[in-house]
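Mind the numbering: the sequence shown is residues 366 to 900 in the numbering used here, read in order. Positions of the beta carbon are idealized from the N, C-alpha and C atoms, including for glycine. The structure under discussion appears below in the form of structure tokens.
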Amino acid sequence: MVKYVFVTGGVLSSVGKGIVTSSIGKMLQARGVKITAIKVDPYVNVDAGTMNPYMHGEVYVTEDGGETDLDLGWYERFLDTNLTMGNNVTTGMVYREVIEKERRGDYLGHCVQIVPHVTDEIKLRIRAVAEKSDTDVVLTECGGTVGDIEGLPFLEAIRQMRLEHGYENTLYVHVALVPILDVTNEMKTKPLQHSVNELRRIGIQPDIILARSPKMIDHEARRKIALFGTIPENAVFCSYNVKSIYEVPLILDEQGMGAFIQTRLKVNVEKPDFAGWRQFVSALANPKHRIKIILVGKYAGLADSYVSMSEAFKHAGANLQTEVELDYAGAERFEKKPQALKELEQFDGVFVPYGFGSRGAEGKIRVIQFVRENDIPFLGICYGFQLAVIEFARNICGLEKADTAENDPASPQLVIDFMPEQKAISMMGATMRLGAHKIIITRGSLAHSLYGTEEIYERHRHRYEVNPEYRHVLEKSGLMFSGRSVDGRRMEILELPKQSFFFASQFHGEFQSRPRKPDPEYYGFVQACLRRKLH
Ligand code: GLN
């Protein structure tokens with residue numbers, strides 16, 4: 366019998382529900398429990414793919430090509446597992462399906478309603494994940510905050526699941542903020558109490574309340590939370606500020622949360638084993654070296670836009686006993702103020718991430734030219750890869766008008782062009798080249814030494830690609846395409862063998878990076894930055 370754990374949030378969004386959900390998963394997994402996680406998102410978008418990263422953070426791409434909420438990235442990193450697009454359920458997805466069923470006549474004769482039709486569709490999707498994955502426990506995190514209008518059908522669906530699966534097989538965890546007033550230095554539990562009341566109004570009595578607070582909650586706060594939340598004091602836990610979020614499962618387990626859930630759900634388990642995780646956390650906390658990398662991007666003002674990337678640097682760094690300090694710079698700065706390029710010399714490496722459109726693109730191209738001419742370690746991902754090709758075409762191959770069809774479709778030298786299959790597409794949602802595809806690596810290349818194999822699968826999200834007509838011109842001048850699609854048509858990795866480290870990929874290595882399995886391109890880059898720093 367599969368068990369279900371539901372995580373709701375109160376008081377504010379961004380209280381770290383995603384990390385708490387991942388940490389619950391980690392605590393159970395450390396006890397030998399098989400686990401999977403779902404994020405339900407109350408927005409009406411069918412998926413996260415059409416949302417601006419500046420507002421919603423990064424779009425996380427699953428192996429099967431889902432454009433999902435970034436919390437799936439946390440689940441994958443914490444649980445070291447590959448999830449699917451089915452692990453992210455949105456209002457848009459649910460309504461689309463219900464409306465299609467109605468048009469097909471599946472509900473013929475009935476008035477189609479939120480309860481039961483929409484709620485049934487939500488439950489169906491949660492259970493479908495349980496059926497498809499080999500799992501003991503399904504974690505479901507409800508996006509948004511209790512009390513939001515759009516979240517109601519989801520809360521109603523999870524409320525019904527207790528009736529259908531029984532008390533022993535369902536558990537509700539409510540995560541809410543407990544602020545500390547700076548004037549009186551007092552912990553305030555009232556907003557949390559209100560959010561629990563709001564949850565109860567919907568019919569859900571939490572089994573566990575997790576206070577999110579800057580510091581460990583004091584006895585008085587715990588007593589009040591338990592009393593007004595109608596739960597025993599030993600069902601109150603606290604997620605307080607820690608240096609690294611990877612410590613959260615450890616601090617919650619120390620408080621007894623893992624043991625509490627295990628007893629409450631009656632899962633047969635082993636003694637918890639956090640050895641590997643602890644090793645990683647301790648490597649993160651005790652670096653021997655420190656390097657500075659600059660990320661030059663379009664969404665530099667919101668760190669969540671690049672969260673998988675910044676985590677990939679942490680994973681690579683921890684495995685090299687190196688703390689990676691990542692600075693963010695808006696690319697437009699280098700267009701307006703070319704002398705700013707000089708500042709790049711202070712960094713051990715320069716990173717140009719994914720991106721879309723023309724804003725800042727020329728600035729990134731200048732940055733890439735500067736790092737190439739000054740032999741500063743460089744890693745480019747997706748748009749960073751495409752812009753590195755443009756830079757090389759313009760400045761080395763003499764193709765002065767080289768550009769991407771994304772920014773200048775009239776350019777006579779489209780070194781980056783629409784993928785042929787993209788030309789006829791007019792819809793924007795889920796139409797890019799998405800998910801994992803096979804790549805063949807050239808023997809003897811830097812890529813070969815980093816990956817240690819000639820065949821890899823990596824995740825993608827793009828509409829444009831290197832125009833294969835320019836491949837030979839670029840290669841003749843020294844650019845090596847050391848990774849290509851199986852048919853050889855699609856360029857996937859580039860490197861400049863004469864540089865100390867100049868590497869870029871059309872795919873996104875960060876989506877497969879895990880705490881104890883750093884991604885090879887990030888690892889190679891951090892290693893090169895460290896080499897430069899030490900010599
Ligand atoms: N804008 C580019 C494309 O669509 C790159 C996309 C990306 O960086 N993810 O091909």
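For residue i versus residue j, is the C-beta spacing smaller than 8 Å?
| i | j | result |
| --- | --- | --- |
| Leu520 | Leu542 | no |
| Met392 | Gly623 | yes |
| Ser604 | Gly381 | yes |
| Gly431 | Asp412 | yes |
| Ile389 | Leu444 | no |
| Val661 | Val715 | yes |
| Val736 | Leu764 | no |
| Thr449 | Thr427 | yes |
Does DSSP put residue i in a helix, in a strand, or in coil?
| i | result |
| --- | --- |
| Phe712 | coil |
| Met526 | helix |
| Val543 | coil |
| Lys803 | strand |
| Arg850 | In the sequence under discussion, the amino acid at residue 850 is Ser, which differs from the Arg named in the question. DSSP places Ser850 in strand when its eight states are reduced to three. |
| Lys368 | strand |
| Glu700 | helix |
| Val398 | coil |
| Asn633 | coil |
| His654 | strand |
Check each candidate in the options and name the one with the smallest Cα separation from residue i.
| i | options | result |
| --- | --- | --- |
| Gly843 | Glu467, Gly470, Ala705 and Val754 | Val754 |
| Lys636 | Tyr664, Gln871, Arg527 and Val398 | Val398 |
| Leu536 | Asp513, Glu551, Ile569 and Val561 | Ile569 |
| Gly682 | Leu709, Arg698, Tyr693 and Ser647 | Ser647 |
| Pro518 | Gln877, Val483 and Tyr888 | Val483 |
| Cys894 | Pro579, Val838, Ile616 and Phe743 | Phe743 |
| Gln525 | Lys497, Gln394, Arg492 and Asn410 | Arg492 |
| Ile658 | Glu697, Ile741, Gly374 and Ile596 | Ile741 |
| Asp782 | Val831, Gly809 and His584 | Val831 |
| Arg745 | Gln778, Gly641, Glu857 and Arg836 | Note that residue 745 corresponds to Gly in the displayed sequence, not to Arg. Of Gln778, Gly641, Glu857 and Arg836, the residue nearest in Cα terms is Glu857. |
| Leu546 | Pro579, His539, Lys404 and Tyr419 | Pro579 |
| Ile403 | Asn447, Val632 and Leu528 | Asn447 |
| Asp583 | Ile573, Asp572 and Glu598 | Glu598 |
| Val463 | Gly451, Lys702, Thr449 and Arg490 | Arg490 |
| Gly374 | His539, Ile523 and Asn410 | His539 |
| Val632 | Glu563, Lys766, Arg468 and Glu533 | Glu533 |
| Ile479 | Arg469, Tyr460 and Leu473 | Tyr460 |
| Asp572 | His900, Arg527 and Gly438 | Arg527 |
| Lys466 | Glu727, Val717 and Glu486 | Glu486 |
| Ser379 | Arg577, Ile514 and Gly516 | Arg577 |
| Val409 | Arg396, Leu377, Ile514 and Cys476 | Ile514 |
| Glu551 | Met581, Ala522 and His530 | Met581 |
In its own chain, which residues sit with a C-beta less than 8 Å from the C-beta of residue i, not counting the 5 before and 5 after it?
| i | result |
| --- | --- |
| Gln734 | Glu756 and Asn760 |
| Tyr878 | In the sequence as presented, Tyr is not what sits at residue 878; that position holds Ser. Only Arg442, Ser673, Glu676, Ala677, His680, Ala681, Asp884 and Tyr887 meet the Cβ criterion. |
| Gly874 | Ala677, Ile746, Glu823, Asp884, Pro885, Glu886 and Tyr887 |
| Gly641 | Arg881 |
| Glu496 | none |
| Ser847 | Ile806, Thr807, Ser810, Leu811, Ala812, His813, Ile858, Leu859 and Glu860 |
Taking 8 Å as the CB-CB limit, is residue i close to chain C?
| i | result |
| --- | --- |
| Leu844 | The structure shown contains no chain C, having only a single protein chain. |
Quick one: residues in its chain with C-beta nearer than 6 Å to the C-beta of residue i, no 5 flanking neighbours on either side, listed in chain order?
| i | result |
| --- | --- |
| Pro544 | Lys553 |
| Val454 | Val405 and Arg490 |
*asked:* Check whether the region 412-425 and the region 658-672 are in contact - that is, three or more C-beta pairs closer than 8 Å.
replied: yes
_Cβ contact (3+ pairs, closer than 8 Å) linking the region 498-511 and the region 368-377_ = yes
*Contact the region 820-833 vs the region 797-811: 3+ CB pairs below 8 Å*: yes
_Using a Cβ distance threshold of 8 Å, determine whether the region 779-793 contacts the region 682-691, with at least three qualifying pairs required._
no
*Does the region 627-634 come close enough to the region 605-617 to have 3 or more Cβ pairs within less than 8 Å?*
no
*Tell me, please, whether the region 717-734 touches the region 807-820 by the rule of three or more beta-carbon pairs shorter than 8 Å.*
no
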